[in-house]
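In terms of my numbering, the sequence shown opens at residue 339 and continues consecutively. Yeah, the Cβ is synthetic: ideal placement off N, Cα and C, and Gly gets one too. Some notes on the structure that comes next.
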Amino acid sequence: MDWKLRLLLLHCFLSFTVSEKSFEIDFKNNCFRKDGEYFRYVSGSIHYFRVPPEYWKDRLLKMYMTGLNAIQVYVPWNFHEPQPGVYNFEGDRNIEVFLDLAATIGLLVILRPGPYICAEWDMGGLPAWLLQNQNIVVRSSDSDYLRAVDSWFSQLLPRMKPRLYQNGGNIISVQVENEYGSYFACDYNYMRHLYKLFRNILGDQVVLFTTDGNSDKELKCGTLQGLYATVDFGPVLNITQAFAAQRHIEPKGPLVNSEYYTGWLDYWGSNHSTSSPEKVTQTLYDMLEIGANVNMYMFEGGTNFGYWSGADYKSKYLPVTTSYDYDAPLSEAGDPTDKLFAIRSVISKFQDVPHGPMPPATPKYGYGFVPLRKIGELIDFLDDLSPYLPMKTSYPLSFEDIKQVYQGTLERDSVLMISVTGRKGDQLDILVENMGRINFGINFNDFKGLVDNITLGSYIMTDWEMYSLNIDAVISTGWPQNGLHMRHQKKEGVNSTVPAFYSGSFLVPGLPQDTYLKLPGWSKGQLWINGFNLGRYWSSRGPQKTLFVPGTVLNATFPNNITILELQEAPSKTYGLFLERPILNDTS
339 MDWKLRLLLL
349 HCFLSFTVSE
359 KSFEIDFKNN
369 CFRKDGEYFR
379 YVSGSIHYFR
389 VPPEYWKDRL
399 LKMYMTGLNA
409 IQVYVPWNFH
419 EPQPGVYNFE
429 GDRNIEVFLD
439 LAATIGLLVI
449 LRPGPYICAE
459 WDMGGLPAWL
469 LQNQNIVVRS
479 SDSDYLRAVD
489 SWFSQLLPRM
499 KPRLYQNGGN
509 IISVQVENEY
519 GSYFACDYNY
529 MRHLYKLFRN
539 ILGDQVVLFT
549 TDGNSDKELK
559 CGTLQGLYAT
569 VDFGPVLNIT
579 QAFAAQRHIE
589 PKGPLVNSEY
599 YTGWLDYWGS
609 NHSTSSPEKV
619 TQTLYDMLEI
629 GANVNMYMFE
639 GGTNFGYWSG
649 ADYKSKYLPV
659 TTSYDYDAPL
669 SEAGDPTDKL
679 FAIRSVISKF
689 QDVPHGPMPP
699 ATPKYGYGFV
709 PLRKIGELID
719 FLDDLSPYLP
729 MKTSYPLSFE
739 DIKQVYQGTL
749 ERDSVLMISV
759 TGRKGDQLDI
769 LVENMGRINF
779 GINFNDFKGL
789 VDNITLGSYI
799 MTDWEMYSLN
809 IDAVISTGWP
819 QNGLHMRHQK
829 KEGVNSTVPA
839 FYSGSFLVPG
849 LPQDTYLKLP
859 GWSKGQLWIN
869 GFNLGRYWSS
879 RGPQKTLFVP
889 GTVLNATFPN
899 NITILELQEA
909 PSKTYGLFLE
919 RPILNDTS
């Protein structure tokens, strides 16, 4: 009886302890309070979807050892719902495992679930299948859009609720939408809908907030009663002025910079963006000195693997590079930089930082030269690479009867006309590449493919066959190394100016290490190692000349297979070169 009584008392004590956990805004004293005590967060952004899951713990531990007490996390809708009603929270999409790792290490979480996230991610995290309805107005109270949003959040937010701080988890606050003041719609009914949705699922206790640029204009449409307004900005000279817009909207409450920019993104064809440690740490010091809460964006940048990189539109289309290094305190490969140690020094002036050494950089290895040989032209493999029969608008022709002559490349916002040669009865083949949907601004209805008529002279061309290519799925089965390509090798000679596949293999001595792959003389394309899509290379454009290859995709037992789809022109000598260091700033 006494044992049962003690057990009951222990259970009551534990229940009481959990129920007392709280995180709230103290408007009177202009601060946050955690469990009733003053609290200020110094946080850093990390994107689990840009870092191999095997490295999540390594990156989080380095952030903790820098002195951060929180991390900020976006959730990209399109990463988890690739098709309507098809959800994926496994493997590299297992956000729950990621959040639990952060909790184990001792990091709180600021969650930014969107539905729009920007993040230089394809379509800002919105799924492209929304555009199947060509009249949809995303990020608005459009009924079709809200129906999709409600369905998505009915899956995501219940998974997050047990992880809220007041429920025993480590999520202290949740952002609603993202920089909505920069969007044209200014739809308060949309924001009210999201507010009610978040409250209904997550409850009344969690701190909900918004983030916008630090101007009155941006904050006007981005804020809503019941959502605490925060701002974002990079290094500045006058910190009081930088927070003035937030203070205008929120006269009381904590100062919060939700995105303090430690660097910046890169576009293909532009120089690599950098921001000096001195510049970054000076403004960080100024913010901490006045008691502000800070999240550093980014703290670990990572990589736009696959086809996930987004794009901006600033008078022209600007696709984002595969590397999302961001000149962040942790490099693309997760290595501590001088900027990280400078930031750690500043933080130590205001709060304790963990004792002990910083975890080291992951080992790198230059595996050297790997010869690559041509497998065949893309046009030869359409039946293998297309999951469906081609869509035909008129009378089909057999593929074997077609004559192909490569004529050149058309690029969005530049060449819109090209000269072609041929004879009556020839067929024109067009390969369309999606270099990333626009992720910021007003141009979200960024349709891809042939979105208008194609004319030959003044004649509108008809009778199209359209192939939807699922190259990743085919390569993941072992193609082309499994020999299935042999039945297509019927052309003699080498034509290096047509879209074509190349392949090679290499052995790893010892344990697989991180490395960087350079493609000297190659132009532009996509690259896979052991079926993993490392992303786009554009060696002829730069500034990124190497692709980050995590050691986690390499195999120490069997040959490692490289597959390249070169879209423009291959060099006369086809090889790859593995290096120990990245090349991120070369536009030559």
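- Sequence-distant partners of Leu917 (beyond 5 residues in either direction) whose C-beta falls short of 8 Å from its own C-beta, in its chain, are Gly704, Thr853, Tyr854, Leu855, Lys856, Thr884.
- Scanning Thr895, Leu626, Thr901 for the CA closest to the CA of Ile713 turns up Thr901.
- The alpha-carbon of Asp430 is positioned some 34 Å away from that of Leu557.
- In this structure, the beta-carbon distance from Gly382 to Gln421 does not fall below 8 Å.
- Under the three-pair Cβ rule at 8 Å, the stretch 593-600 counts as touching the stretch 621-641.
- Per DSSP, the beta bridge partners of Arg874 are Gln864.
- For Thr404, no beta strand (DSSP E) segment is defined; the enclosing uninterrupted segment is the alpha helix (DSSP H) at 394-404.
- Of the residues assessed, Asn642 falls on the buried side of the cut-off, its CB having 16 or more other CB atoms within 10 angstroms.
- The Cβ atoms of Asn407 and Leu446 lie closer than 8 Å to each other.
- Only residues of its own chain outside the window of five on either side were considered, and among them Ile474, Val476 have a CB closer than 6 Å to the CB of Tyr483, listed in chain order.
- When secondary structure is reduced to three states using DSSP, Gln882 falls in the coil class, being assigned neither helix nor strand.
- In the DSSP assignment, Ile510 falls within the beta strand (DSSP E) that extends over 509-513.
- Across the structure, Ile577 and Asp676 are spaced so that their CA atoms are roughly 24 Å apart.
- C-alpha of Asn868 to C-alpha of His693: approximately 40 Å in a straight line.
- Asn898 and Lys395 have their C-alpha atoms some 26 Å from each other.
- Selection Phe896, Glu588, Val544, Tyr528 evaluated against Ser843 yields Phe896 as nearest (Cα-Cα).
- In the three-state reduction of the DSSP assignment, Phe427 falls in the coil class, being assigned neither a helical nor a strand state.
- The beta carbon of Gly423 lies closer than 8 Å to those of Ser489 in the same chain, with the five residues before and after it left out.
- The C-alpha of Thr815 is placed about 51 Å away from the C-alpha of Ser553.
- Across the structure, Gly405 and Lys372 are spaced so that their CA atoms are roughly 18 Å apart.
- By the neighbour-count definition (other C-beta atoms within 10 Å, threshold 16), Val658 is a buried residue.
- Between Lys911 and Gly848, the CB-CB gap reaches or exceeds 8 Å.
- The alpha helix (DSSP H) runs lying completely inside the stretch 602-671 and spanning 4 residues or more are 615-627, given in chain order.
- The continuous beta strand (DSSP E) containing Cys369 extends over residues 369-372.
- Note that the C-beta distance between Leu678 and Pro667 is below 8 Å.
- Here Pro850 is not near Ala811, since their CB atoms are 8 Å or more apart.
- Pairing Gln819 with Arg711, the inter-Cα distance amounts to about 12 Å.
- Listed in chain order, the non-local C-beta contacts of Gln493 below 7 Å within the same chain comprise Tyr425, local neighbours out to five positions each way being set aside.
- Put simply, of His586, Phe491, Cys369 the residue whose alpha carbon is nearest the alpha carbon of Leu540 is Phe491.
- About 4 Å separates the Cβ atoms of Gly463 and Pro414, confirming a contact at the 8 Å cut-off.
- Inter-residue distance for Asp718 and Met804 is about 15 Å (C-alpha atoms, whole angstroms).
- Excluding sequence positions up to five before and after Leu720, its CB lies within less than 6 Å of the CB of Tyr805, all in the same chain and listed in chain order.
- Counting of Cβ neighbours within 10 angstroms places Tyr376 among the exposed residues, the total staying below 16.
- In the three-state DSSP reduction, Glu597 falls in the strand class (E or B).
- In the DSSP assignment, Phe377 falls within the unbroken beta strand (DSSP E) covering 375-377.
- Excluding sequence positions up to five before and after Ile509, its CB lies within less than 8 Å of the CB of Leu437, Leu446, Val447, Ile448, Leu449, Met498, Arg501, Leu502, Tyr503, Val544, all in the same chain and listed in chain order.
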